[in-house]
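Okay, so the sequence shown: first residue is 7 according to the numbering used here, each after it adds one.
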Amino acid sequence: MSGFKKDFLWGGAVAVHQLEGGWNEGGKGISIADVMTAGEYGISREVTPGIIEGRNYPNHEAIDFFHRYKDDIKLFSEMGFTCFRTSIAWSRIFPEGDELEPNEAGLQFYDNMFDECLKYNIQPVITLSHFEMPYHLVTEYGGWRNRKLIDFFLRFAKVVFTRYKSKVKYWMTFNEINNQVNYRESLCPFTNSGILYSSDEDEYARERAMYQAVHYELVASALVVDAGHLINPDFKIGCMIAMCPIYPLTCSPGDMMMSVSAMHRRYWFTDVHVRGYYPQHMVNYFRKKGFELDITESDIEILQHGRVDYIGFSYYMSFVTQYTDDNPEFDYVEPAHLVNNPYIQTSDWGWQVDAMGLRYSLNWFWDHYQLPMFIVENGFGANDVQQADGTVDDQYRIDYLTAHVSEMKKAVVEDGVDLIGYTPWGCIDLISAGTGEMKKRYGMIYVDKDNDGNGSLNRSRKKSFYWYRDLIADNGNTI
Ligand code: P53
């Protein structure tokens, strides 16, 4: 192949809780993202018990896409997007999560928003669960610790599949399901799962809870894949994996084995999604730890059935691990066993920038699974400065994206991997998931708002806007 396919999907990616706002409008319920405070680099976000007066909850208004989506989608179309990856807020459709009937106003909102995309020939690409779930499911059921969540999620998925079956073809189940492997200091903890750890849960109990929740999510994902294919056989339903390849620090055999072990621990999630069963090393690991998880015969059958159609993944950075003598069994605990890569630079938020790692990752996935892939996030979070004339010269972002697209092209053209599309993260500035900041910007469209929530919310085109428009117009040929 000489370049990207003719129908290669170019677009941008967002998640509703990070841009939509309108947190209590249109019958929407409180989501876990609505009780998360703002943090910053080095200062964690908090999940508060309900909404507390005086605290800063940046996702309440976010960038007000809820009211401005028409103008924003017009700007996406100006860049030539052929797809737009977003999510559906579960709490807009089922405000508390355990109702039997959906909220019509919420369904209508996504009908209108998708119609606006389709008007410009932009196809929506939808994540069902992106770091957001009804808060009621957290307080009442303990989030995904509880098997009941499977039914609630399946009901939600069936409702939106049925409603949007002629508007959406590409779906994903759980955003970055494998990021929760970092159960020690994950996103507050990992909000896809709605697990709030109590102080009497030690590290062992936390890890066990994480694996149990993931198991329920994997079963739910498999049921959802099956249900989706029945509702519309043309649906393509993928998993969504956070890909940060973990290199060995040196060529010493110990480091190499440590890297294998680390990759096992972070990527077995993909094995289950794609192959339909747990790899033996995980079965052995659960046994070694004595976790005794609730995994039934019927679950095992469900996993076999609901295998995904493609692998959606995010790629921002790579990691490095190292063997030490006190770790003869190559146990990998994140982030304790990560070390810096001396060969590459880091962003202002400490993320290790490694464009070639994207080519490596595409090859790694392809070698393991031979399934089509979709890069549904990639990008550079930076502190952009708007000039007096309103322009933003984000050449560093153009450099980052150019380097990554160029490696992605080599993987397609030279290595022959099957790639469906590319949607850089936060095509419009939005609230950071990790820190809750506004100033960690990824967009090609600047949004006038600061960390404290001040600003006009006006949109303007950055330099990267024009760069991306030209890249899409040319189907990535000149890179
Ligand atoms: P922020 C950690 C590592 C890799 C991807 O992240 C991650 C995270 C979580 O912080 O999340 C994904 O906003 C996620 C998006 C998120 C984006 O990467 O922390 O799918 O919701 O905004 C960037 O800079």
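We treat Cβ as the ideally placed atom computed from N, Cα and C, and that holds for glycine.
Requested in this report: Could you confirm whether any beta carbon from chain B is found closer than 8 Å to the beta carbon of Ala268?
Outcome: Protein chains in the displayed structure number just one, and chain B is not present.
Query - Asp206 classed as buried or exposed, judged by whether at least 16 other C-beta atoms fall within 10 angstroms - result: Label assigned to Asp206: exposed.
Report task. Give the secondary structure of Ile201 by DSSP, where H, G and I count as helix, E and B as strand, and everything else as coil. Result -> DSSP places Ile201 in coil when its eight states are reduced to three.
Requested in this report: Please work out which residues of its chain come closer than 7 Å, Cβ to Cβ, to Asn457, disregarding the five sequence neighbours upstream and downstream, and give them in chain order.
Outcome: For Asn457, the CB contacts under 7 Å within the same chain, skipping 5 residues up- and downstream, are Ala44, Glu443, Met444, Lys445 in chain order.
Requested in this report: On the DSSP bridge assignment, give the partners of Ser466 in chain order.
Outcome: Answer is Tyr452, bridged to Ser466.
Report task. Evaluate the contact criterion for the stretch 137 to 153 versus the stretch 111 to 125: three or more CB pairs, one atom per stretch, below 8 Å. Result -> With the cut-off at 8 Å, the stretch 137 to 153 and the stretch 111 to 125 do not touch.
Query raised in the report: Is it true that the CB of Pro251 sits closer than 8 Å to the CB of Ser367?
Result: Pro251 sits close to Ser367, with the two beta carbons spaced by under 8 Å.
Query raised in the report: Which ranges would you report for the beta strand (DSSP E) in the stretch 90 to 157 if only whole runs of at least 3 residues count?
Result: The stretch 90 to 157 contains these whole beta strand (DSSP E) runs: 129 to 135.
Query raised in the report: What is the C-beta distance between Phe82 and Ile132, in whole angstroms, given that I count them as a contact (C-beta under 8 Å)?
Result: In fact, because the Cβ distance is near 15 Å, the residues do not count as touching under 8 Å.
Report task. Look at the alpha carbon of Gly427 and the alpha carbon of Asn369, and state the distance between them as a whole number of angstroms. Result -> The straight-line gap from Cα to Cα measures roughly 16 Å.
Query raised in the report: Is Leu259 helix, strand or coil when you go by DSSP?
Result: Checking the sequence, you will find Pro at residue 259 rather than Leu. In the structure shown, the three-state DSSP call for Pro259 is helix.
Query raised in the report: Should Ala342 be listed as close to the ligand P53, given that the test is whether its C-beta is under 7 Å from any heavy atom?
Result: No - the ligand P53 has no heavy atom lying nearer than 7 Å to the Cβ of Ala342.
**Report entry** Minimum C-alpha distance to Ala21 - residue among Val382, Val398, Ala479, Tyr126
**Finding:** Here the closest residue by C-alpha is Val382.
Query raised in the report: Helix, strand or coil for Ala228 per DSSP?
Result: Here Ala228 sits in helix by DSSP.
Query raised in the report: With a Cβ-Cβ cutoff of 8 Å, do Val345 and Leu255 count as a contact?
Result: In this structure, Leu255 lies closer than 8 Å to Val345 by Cβ.
**Report entry** When Asp454, Gly440, Ser462, Phe471 are compared against Tyr402, the one with the closest alpha-carbon
**Finding:** Each of Asp454, Gly440, Ser462, Phe471 was checked against the Cα of Tyr402, and the nearest Cα belongs to Phe471.
Query - Pair within 8 Å by beta-carbon distance, Ile317 and Cys245 - result: The answer is yes: Cβ separation under 8 Å.
Query raised in the report: With a CB to CB cut of under 8 Å and the five nearest residues on each side skipped, what residues in its chain are close to Asp78?
Result: If the five residues before and after Asp78 are omitted, its C-beta is found closer than 8 Å to the C-beta atoms of Phe71, Ile434, Ile451, Arg465, all from its own chain and listed in chain order.
Query raised in the report: Run through DSSP, which three-state label would Ile350 get?
Result: Coil, per DSSP.
Report task. Count the other CB atoms, across all protein chains shown, that sit within 10 Å of the CB of Glu303; report buried if there are 16 or more and exposed otherwise. Result -> By the Cβ neighbour-count rule, Glu303 is exposed, with fewer than 16 other Cβ atoms within 10 Å of its own.
Requested in this report: Return the Cβ separation of Tyr253 and Ser324 in integer angstroms, given the expectation that the two are a contact with Cβ distance under 8 Å.
Outcome: With a Cβ gap of about 6 Å, Tyr253 and Ser324 count as contacting.
Query raised in the report: In or out: Gly35 buried (at least 16 other Cβ within 10 Å) or exposed?
Result: Buried, because 16 or more other Cβ atoms sit within 10 Å of the Cβ of Gly35.
Requested in this report: Quick one: grab the DSSP three-state call for Ser438.
Outcome: For Ser438, the three-state secondary structure derived from DSSP is coil.
Requested in this report: In angstroms with no decimal places, state the Cα-to-Cα distance between Gln393 and Asp454.
Outcome: Roughly 12 Å separates the two Cα atoms.
Requested in this report: Under 6 Å Cβ to Cβ from Lys164, same chain only, skipping five residues before and after it: list those, please.
Outcome: When the five nearest sequence neighbours on each side are left out, the beta carbons in the same chain lying within less than 6 Å of the beta carbon of Lys164 are those of Ala233, in order along the chain.
Query raised in the report: Quick one: what's got a C-beta closer than 8 Å to Trp357's C-beta in the same chain, skipping five residues either side?
Result: Tyr322, Met323, Gly387.
Query - Own chain, CB closer than 6 Å to Tyr189, minus 5 neighbours either side, in chain order - result: Closer than 6 Å at Cβ, skipping near neighbours: Arg212, Glu213, Met216.
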